[in-house]
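**Student:** Chains as they are written, first to last, in the working numbering: chain A, 216 to 689; chain B, 11 to 110.
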Amino acid sequence: MIRKLHNKIKNNEIISDDLVKEAITNAEKSQKELNAFVTIIKDAKRIKSDNLLSGIPVAIKDNFSTKDILSTGSSNTLKDYIPYFDATAIKKLQESGAVIIGKTAMDELGMGGTGLIAATGPVKNPWNINKITGGSSSGSAAAVAAGIVPYALGTDTGDSIRIPAAHCGIVGYKPTYGLVSRFGVFAFASSLDTVGVLSTSVEDAAIVIDQIKGKDEYDMTSWNSENINLLNSLDGNVKNKKLFYIKEICDINNYEEKNDEVIKTLKEFNKTIKKCKELGIEIEEESFDQKLLDSIYPTYLTIASAEATSNMSNLTGIIFGPRGKGNTIDEMMKDHRTKGFSSLIKRRFVIGSYVLQKENQEKYLFASAKVRHLIVNKMNELFIKYDGLILPASSEPAPNINGIRSSHLRTEQYLAIANFGGYPSITIPSGFVNDMPIGVNITGKIKDDANILNIAYTIEEKLGYKNQTTKGWK
Amino acid sequence: MNHKFTNEEVTNLADKLLIGISEEEVKDIVEELTFVANSMNVISEIKEINDLKPLTHPFDLYETSLREDDEYEEGHDIEDLLSNADFTQGREIEVPKVVG
């Protein structure tokens, strides 16, 4: 899509200003039904360049600092916050000539996986506005799926790019940890947070990350990736590639709720596996200890909550954010935080605080970090034999907004494996169940992004959902 | 035997974080903390973790180097730093008096 638009601009078949204007108009029109944007930038400007992204509109998740543009993280604690600097990824996008037309709604501060916990209200799925988008990169996913922008930036701490991509029938790519600088992104759980992209093709995802990746002196966890060119690595050759899937995740007998949607999603996954084999990819089954799989969610919850509690202690309403009422600083901060945070954020903070108490660290935090180590060791061993892990991105399509239950949030956390180990991981659309899109996810070893993207690119061609959008919203 | 979380314990934890919580929120937090505690019991049965160290970052390959002493960066403008504060006075953020 991006290359096509670039060529059309270059050959004067379309004018960038018209493209940008159309995206802004569509964003505005979509708001009533999709509610994907926190801010729409009507006077979006750009620097002209020869870059593939030049003149093409993009939307940005609202947890990226954007100079002079409201950046709220979809939290009332930051409802008026206007950064005076750009995040590194934003700076690099702007240098390419990309045109930022809006900031997208998200689950507050990146926590939550539904798209229902944004200060500006629920984000709706363009395929069916009664369904959730998934989260936390909810608005970014909705905007891309509805065809408003060809791509959007997101962040992924547990599955926050890859689940909404699956629920909205698009591509969601979380690169290796540190491939893209986190400088200027609101920190949630620093050891898991990753900047990535939502797009309608693997090629587009490669183009975007090629542009924004690189070592950044402001992020010590970023690394030199000059030897990696993702776009040039997409050659469609998957000869001798080997993937595995985890038996327990793909076996219907292991699901408490064997409902129609789970059964169909797993059936579709088996069809995808068959098609991958037709491409010449070797696929084998590996078994995981069920206890270890059951530990993924509590491990994620413990680590992420602990890191979030610490990172977000700066949200006080004193040096930024709306000032709370009170006679003392403590009273002001308490008023600001009590009114500003949603119930989910409060819950996470209290859990984080509990596991960080000295007497609880060994039993909770360190035990979780040891489980993380065990899972990463097991994955690293498997990655000696295999190029990657292939899984259904979610065990069912997007649930109804009114049908969200807490158990749903607990069962869908297998993708956090990629955050535990910093692995590159990509979701691509793989079909439909009951008229809603589903996706397949591929995760590979660290810094092997080029290989994983090429495998996804090849599978994407075979499956036939490339450049898929709803062309509006239903 | 699992630790039984009480409303008072949860309210105290929230208080330390300078967060006020409603009765409904207390109930939800007790439920989720109980889930976490029960899960930790399952985790403690995974024997292989006993020999492992906690993993606090995905991988240890960070390239860092010390800058040269003569390199420095311009500071931020004070106006920028204060631009998001609701109450300021000159070059400072205004808060209630905290010392006698």
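Beta carbons are placed, not taken as given, at the ideal position from N, Cα and C, and that holds for glycine.
For A/Asn656, which beta-bridge partners are listed by DSSP?
**Tutor:** In the first sequence, the residue the question calls residue 656 of chain A occupies position 441. A/Leu606 and A/Thr642.
**Student:** Cβ of B/Lys57 less than 8 Å from any chain A Cβ?
**Tutor:** As a working note, residue 57 of chain B is residue 47 in the second sequence. No, no contact with chain A.
**Student:** Within its chain, find whatever has a CB closer than 7 Å to the CB of A/Tyr569; leave out the 5 residues flanking it on each side and keep chain order.
**Tutor:** By 1-based counting over the first sequence, the position of residue 569 of chain A is 354. Cβ neighbours of A/Tyr569 beyond the five flanking positions: Asn575.
**Student:** Rounded to whole angstroms, what is the Cα-Cα separation between A/Ile422 and A/Leu445?
**Tutor:** Residue 422 of chain A sits at position 207 when you count from the first residue of the first sequence. Residue 445 of chain A sits at position 230 when you count from the first residue of the first sequence. A/Ile422 and A/Leu445: Cα-Cα distance of roughly 7 Å.
**Student:** Comparing the C-beta of B/Asn94 with each C-beta of chain A, is any distance below 8 Å?
**Tutor:** Your numbering for residue 94 of chain B matches position 84 in the second sequence. By this cut-off, B/Asn94 is an interface position.
**Student:** Check each candidate in A/Phe564, A/Lys236 and A/Asp650 and name the one with the smallest Cα separation from B/Val20.
**Tutor:** As a position in the second sequence, residue 20 of chain B is number 10, starting the count at 1. Per the Cα distances, A/Phe564.
**Student:** Runs of 4 residues minimum, wholly inside the region 497-532 of chain A: which ones carry the alpha helix (DSSP H) assignment?
**Tutor:** 505-509 and 511-526
**Student:** Does any CB atom of chain B fall closer than 8 Å to the CB of A/Asp475?
**Tutor:** In the first sequence, counting from the first residue as 1, residue 475 of chain A sits at position 260. No, A/Asp475 lies away from the interface with chain B (no Cβ there is under 8 Å from its Cβ).
**Student:** Between the alpha carbons of A/Lys473 and A/Asn617, how many angstroms are there, rounded?
**Tutor:** What you label residue 473 of chain A is simply residue 258 of the first sequence in a count that begins at 1. What you label residue 617 of chain A is simply residue 402 of the first sequence in a count that begins at 1. Each residue's alpha carbon lies about 20 Å from the other.
**Student:** Nearest to A/Ala380 by alpha carbon, out of A/Ser396, A/Gly350, A/Gly399 and A/Ser405?
**Tutor:** To locate residue 380 of chain A, count along the first sequence from 1; it is residue 165. It is A/Gly350 whose Cα lies nearest to the Cα of A/Ala380.
**Student:** Is there at least one Cβ from chain B nearer than 8 Å to A/His623's Cβ?
**Tutor:** Residue 623 of chain A sits at position 408 when you count from the first residue of the first sequence. Summary for A/His623: the model assigns pLDDT 46, below 50, so the residue's position carries little reliability; its value from the coordinates is reported in the next sentence. Chain B contact via Cβ: absent.
**Student:** Spell out whether any CB of chain A is found under 8 Å from the CB atom of B/Thr66.
**Tutor:** Position 56 of the second sequence, counted from the start, is the residue given in the question as residue 66 of chain B. It does: the Cβ of B/Thr66 has a partner Cβ on chain A nearer than 8 Å.
**Student:** Quick check: the Cα distance between A/Val338 and A/Asp277, rounded to an integer number of angstroms?
**Tutor:** Along the first sequence, read from residue 1 onward, the residue named residue 338 of chain A stands at position 123. Along the first sequence, read from residue 1 onward, the residue named residue 277 of chain A stands at position 62. Spanning the two alpha carbons is a distance of roughly 13 Å.
**Student:** Measure from the alpha carbon of A/Lys282 to the alpha carbon of each residue in A/Asp301, A/Ile498, A/Leu368 and A/Thr553, then state which is nearest.
**Tutor:** Position 67 of the first sequence, counting from 1, holds the residue named residue 282 of chain A. Taking only the C-alpha atoms, the option nearest A/Lys282 is A/Asp301.
**Student:** Suppose you measure from the CA of B/Val46 to the CA of A/Asp322; what does that come to, to the nearest Å?
**Tutor:** The sequence position of residue 46 of chain B within the second sequence is 36, counting from 1. The sequence position of residue 322 of chain A within the first sequence is 107, counting from 1. Whole-angstrom Cα-Cα distance: 22 Å.
**Student:** If we call anything under 8 Å between Cβ atoms a contact, is A/Ile328 one with A/Asp374?
**Tutor:** Within the first sequence, residue 328 of chain A is the residue found at index 113, counting from 1. Within the first sequence, residue 374 of chain A is the residue found at index 159, counting from 1. The residue asked about is misnamed: residue 328 of chain A is Gly in this sequence, not Ile. Yes, they are a contact pair.
**Student:** In chain B, which residues lie with their C-beta within 9 Å of the C-beta of A/Ile619?
**Tutor:** Here residue 619 of chain A refers to the residue found at position 404 when the first sequence is read from its first residue. Per Cβ cutoff of 9 Å: no residues; A/Ile619 is ~14 Å from chain B at best.
**Student:** Are there 16 or more other CB atoms within 10 angstroms of the CB of A/Lys318, so buried, or fewer, so exposed?
**Tutor:** Sequence index remark: in the first sequence, residue 318 of chain A carries index 103 (1-based). Burial check for A/Lys318: the Cβ neighbour count within 10 Å reaches 16 or more, so the residue is buried.
**Student:** Going along chain A, which residues have a C-beta under 8 Å from B/Glu35?
**Tutor:** Taking the first residue of the second sequence as 1, we reach residue 35 of chain B at position 25. In chain order: Ser558, Lys561 and Arg562.
**Student:** Using the beta-carbon count (16 or more within 10 Å), is A/His221 buried or exposed?
**Tutor:** Here residue 221 of chain A refers to the residue found at position 6 of the first sequence. Classification for A/His221: buried.
**Student:** Among the candidates B/Pro64, B/His86 and B/Ile88, whose CA atom is the shortest distance from the CA of A/Val586?
**Tutor:** Here residue 586 of chain A refers to the residue found at position 371 when the first sequence is read from its first residue. Looking from the CA of A/Val586, the closest CA among B/Pro64, B/His86 and B/Ile88 belongs to B/Pro64.
**Student:** With distances taken from CA atoms, which of A/Pro607, A/Ile297 and A/Pro614 is nearest A/Ser640?
**Tutor:** As a first step, residue 640 of chain A must be located in the first sequence, where it is residue number 425. Of the residues A/Pro607, A/Ile297 and A/Pro614, the one whose Cα lies closest to the Cα of A/Ser640 is A/Pro607.
**Student:** Helix, strand or coil: which one does DSSP assign to A/Asn669?
**Tutor:** As a working mapping, residue 669 of chain A is identified with position 454 in the first sequence. In the structure shown, A/Asn669 sits in a helix (DSSP, three-state: H, G or I).
**Student:** In the structure shown, what three-state DSSP assignment does A/Asn444 receive?
**Tutor:** Residue numbering aside, residue 444 of chain A sits at position 229 when the first sequence is read from its first letter. Note: A/Asn444 maps to coil in three-state DSSP.
**Student:** Quick one: what's B/Asp38 bridged to in DSSP?
**Tutor:** Your numbering for residue 38 of chain B matches position 28 in the second sequence. In the DSSP assignment, no residue is bridged to B/Asp38.
**Student:** Determine the chain A residues that contact B/Glu30 at a beta-carbon separation under 7 Å, and present them in chain order.
**Tutor:** What you label residue 30 of chain B is simply residue 20 of the second sequence in a count that begins at 1. Reading the sequence as shown, one finds Gly at residue 30 of chain B and not Glu. Lys549 and Thr553, listed in chain order.
**Student:** What is the residue span of the beta strand (DSSP E) that A/Leu413 lies within?
**Tutor:** Numbered from its first residue, the first sequence carries residue 413 of chain A at position 198. Looking at the DSSP string, the run of the beta strand (DSSP E) that includes A/Leu413 is Thr409 to Ser414.
**Student:** Between which residues of its own chain and A/Ala402 is the CB-CB distance below 7 Å, once the five residues before and five after are set aside?
**Tutor:** The residue given as residue 402 of chain A occupies position 187 in the first sequence. Hits under 7 Å: Asp408 and Asn526.
**Student:** Consult DSSP for A/Val565 and reduce its assignment to one of helix, strand or coil.
**Tutor:** Against the first sequence, residue 565 of chain A aligns to sequence position 350. Helix at A/Val565.
**Student:** What number of angstroms, rounded off, separates the C-alpha of A/Ala631 from the C-alpha of A/Thr372?
**Tutor:** Counted from its first residue, the first sequence places residue 631 of chain A at position 416. Counted from its first residue, the first sequence places residue 372 of chain A at position 157. Using only the alpha carbons, I get a separation of about 8 Å.
**Student:** Indicate the three-state DSSP secondary structure (helix, strand or coil) for A/Val395 in the structure shown.
**Tutor:** Here the question's residue 395 of chain A lines up with position 180 in the first sequence. Here A/Val395 sits in strand by DSSP.
**Student:** Would you mind sorting A/Ser440 into buried or exposed? The rule is 16 or more other CB atoms within 10 Å of its CB.
**Tutor:** Taking the first residue of the first sequence as position 1, residue 440 of chain A is located at position 225. Under this definition A/Ser440 is a buried residue.
**Student:** Buried or exposed, going by whether 16 or more other CB atoms sit within 10 Å of the CB of B/Pro106?
**Tutor:** The residue labelled residue 106 of chain B in the question sits at position 96 within the second sequence. It is exposed - the Cβ of B/Pro106 has fewer than 16 other Cβ atoms within 10 Å.
**Student:** At a CB-CB cut-off below 8 Å, which residues of chain B make contact with A/Asn542?
**Tutor:** The residue given as residue 542 of chain A occupies position 327 in the first sequence. Chain B residues near A/Asn542: Pro106.
**Student:** Would DSSP call A/Ile316 helix, strand or coil?
**Tutor:** The sequence position of residue 316 of chain A within the first sequence is 101, counting from 1. Correct three-state label for A/Ile316: strand.
**Student:** DSSP state of B/Asn60, grouped into three classes?
**Tutor:** By 1-based counting over the second sequence, the position of residue 60 of chain B is 50. B/Asn60: helix per DSSP, three-state reduction.
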